[in-house]
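Residue numbers (our numbering): 7 to 164.
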C-alpha cells in the first residue's frame with residue numbers, strides 16, 4: 007500500500023514527505039493507495055477557515071477535513087470505496103491545514119524544532135482523517151498512541 011501527500015512544493019518544505027508517507031502506510035490496513043491534501047497557511051488564513059467551517063473565530067494550529075466517515079480502525083478496501091478513488095488510483099482520505107505561524111510559536115514554546123512540530127501537526131491531522139479523535143480521555147490515549155507510533159518511525163520521539 008502507498009500513501010501520498012498532495013501539496014505545493016513550498017508548502018511541503020520542511021517536511022520529510024517520503025518518510026511520513028512510509029510511516030503512515032505502515033499503520034493502515036488497506037488494499038488501495040491512500041492520499042491526503044496538505045496546506046500550510048498563515049494565522050489569519052486559518053482563523054478565517056476555522057471561523058467559516060467550525061464557527062470558532064480564533065487561530066488554531068491544525069484543521070482536518072476527513073472525506074470518509076466511520077473508518078476508524080477499519081480496513082480500507084478499494085471495493086468499498088470505488089466511487090472515491092481519484093485519477094491516480096488513490097483513495098483521498100481528507101485534507102489537513104496547518105498554521106505555519108502557530109507551528110513556529112508552539113515549537114518555541116515546547117522547546118523543539120519547527121520541523122518536529124510541523125511533522126507532529128501533519129500526523130495529528132492525518133489521524134483525524136483516519137477517523138481518530140480526542141474528545142474523551144480514551145479516544146485521546148488511542149489517538150496519541152497511533153501518533154507516537156508513526157512519529158517513532160520518523161525518528162521523532164519526546
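For glycine and all other residues, C-beta sits at the position ideal for the given N, C-alpha and C.
Source: prediction; values computed, not measured.
- Rounded Cβ spacing between residue 105 and residue 67 (contact assumed at less than 8 Å): Counting from one through the chain shown, the residue named residue 105 turns up at place 99. Counting from one through the chain shown, the residue named residue 67 turns up at place 61. Contact flag correct, Cβ pair sits at about 6 Å.
- Message: At the level of alpha carbons, what is the spacing between residue 89 and residue 35?
- Response: Taking the first residue of the chain shown as position 1, residue 89 is located at position 83. Taking the first residue of the chain shown as position 1, residue 35 is located at position 29. Taking the straight line from one Cα to the other gives about 19 Å.
- Query: Looking only at its own chain, which residues have a Cβ that is under 7 Å from the Cβ of residue 64, when we skip the five neighbours before and after it?
  - Reply: Within the chain shown, the letter at position 58 stands for residue 64. So the list reads 53 and 56, once near-sequence residues are dropped.
- Message: Please tell me whether residue 84 and residue 97 are closer than 9 Å, where the distance is taken between their beta carbons.
- Response: Counted from its first residue, the chain shown places residue 84 at position 78. Counted from its first residue, the chain shown places residue 97 at position 91. With contacts defined by Cβ atoms closer than 9 Å, residue 84 and residue 97 form a contacting pair.
- Query: How would you call residue 108, buried or exposed, if buried means at least 16 neighbouring beta carbons within 10 angstroms?
  - Reply: Working through the chain shown from its first residue, we reach residue 108 at position 102. Sixteen is the threshold: when 16 or more other Cβ atoms of the shown chains lie within 10 Å of the Cβ of residue 108, as they do, the residue is buried.
- Message: Residues in the same chain with beta-carbon distance under 7 Å from residue 33, minus the five sequence neighbours each way, listed in chain order, please.
- Response: Taking the chain shown and counting its residues from 1, one reaches residue 33 at position 27. For residue 33, where only same-chain residues beyond five positions count, the Cβ hits under 7 Å are 152, 155 and 156.
- Taking three-plus beta-carbon pairs below 8 Å as touching, is the region 7–21 in contact with the region 40–48? A contact exists between the region 7–21 and the region 40–48.
- Query: Under the three-state reduction of DSSP, which class applies to residue 61: helix, strand or coil?
  - Reply: In the chain shown, residue 61 corresponds to position 55, counting from 1. Judged by DSSP in its simplified three-state form, residue 61 adopts coil rather than helix or strand.
- Could you give the distance in angstroms between the alpha-carbon of residue 76 and the alpha-carbon of residue 119? For the purposes of this step, residue 76 is taken as residue 70 along the chain shown, with counting starting at 1. For the purposes of this step, residue 119 is taken as residue 113 along the chain shown, with counting starting at 1. Taking the straight line from one Cα to the other gives about 34 Å.
- Apply the 10 Å Cβ neighbour rule to residue 30 and answer buried if 16 or more other Cβ atoms are within range, or exposed otherwise. Along the chain shown, read from residue 1 onward, the residue named residue 30 stands at position 24. A buried status is given to residue 30, since no fewer than 16 other beta-carbon atoms sit within 10 Å of its beta-carbon.
- Message: Is it buried or exposed, residue 132, if we count other Cβ atoms within 10 angstroms and call 16 or more buried?
- Response: By one-based count along the chain shown, residue 132 stands at place 126. Buried, since its Cβ has 16 or more Cβ neighbours within 10 Å.
- Item | residue 103 vs residue 134 beta-carbon contact at 9 Å | Counting from 1 along the chain shown, the entry for residue 103 is found at position 97. Counting from 1 along the chain shown, the entry for residue 134 is found at position 128. No Cβ-Cβ contact shorter than 9 Å links residue 103 with residue 134.
- Does the distance from the CB of residue 91 to the CB of residue 136 come in under 9 Å? The residue given as residue 91 occupies position 85 in the chain shown. The residue given as residue 136 occupies position 130 in the chain shown. Contact flag unset, no.
- Item | Per-residue burial, residue 141 [other beta carbons within 10 Å of its own, 16 or more giving buried] | Indexing the chain shown from 1 puts residue 141 at position 135. With fewer than 16 other Cβ atoms within 10 Å, it is exposed.
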